[in-house]
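Residue numbers for the sequence shown follow our numbering, beginning at 111 and rising by one.
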Amino acid sequence: MPNKIITGYDGSDGGKVALEEAIKLSNEIGGDVTVLFAYEKVVVGGESHDLDEAVEAIGERVLADAVEIGRAAGAELTTEYIEGPAAQTLATVAEREGARYIVVGGNGEAPLKAWVLGSTAQRLLAFAPCPVVVVRAQ
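Rendered as structure tokens:
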């Protein structure tokens with residue numbers, strides 16, 4: 111779909127403003143929204159399986175919350191739980207879906223902090239296959 115919008119959602123304030131903006135943008139351009147919960151797997155022995163299951167349960171709960179937010183706004187959302195680094199995963203799904211936009215939340219970190227720690231939005235700008243909308247959490 112040419113007006114597909116991809117957004118990442120983790121339940122955070124930044125995720126919520128990004129989700130709200132993605133829904134608003136989809137209403138304006140007549141598009142569909144796919145909401146992703148991305149999780150980068152940690153490999154550290156036997157406990158990693160328990161951690162993966164716990165994160166998957168959290169991801170399912172967070173995505174169900176996103177669907178409710180969409181429903182309250184009159185939007186039908188598609189959700190996907192996917193393993194991988196957030197920025198790369200968003201870009202990969204956007205390319206696969208032929209997305210028109212990727213919408214992400216930003217925390218407005220100072221440039222040095224963002225450079226040292228990195229940010230999903232900053233990483234995404236380097237290799238996104240479509241325009242990236244960064245919405246600042248208040």
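C-beta: ideal position from N, C-alpha, C; glycine also.
The structure displayed is predicted, hence computed values, not measured ones.
- In this structure, the alpha-carbon of R233 lies about 13 Å from that of T202.
- For E205, the enclosing alpha helix (DSSP H) begins and ends at A196 to E207.
- Straight across, the Cα-Cα distance linking V145 with I139 is about 17 Å.
- When DSSP assignments are scanned along the segment 150-196, the uninterrupted stretches of beta strand (DSSP E) that are 3 or more residues long and fall wholly within it turn out to be 187-193.
- For R233, the uninterrupted alpha helix (DSSP H) segment begins and ends at T230 to F237.
- Between the C-alpha atoms of G184 and S229 there is a straight-line separation of about 31 Å.
- It is roughly 30 Å from the alpha-carbon of G180 to the alpha-carbon of D160.
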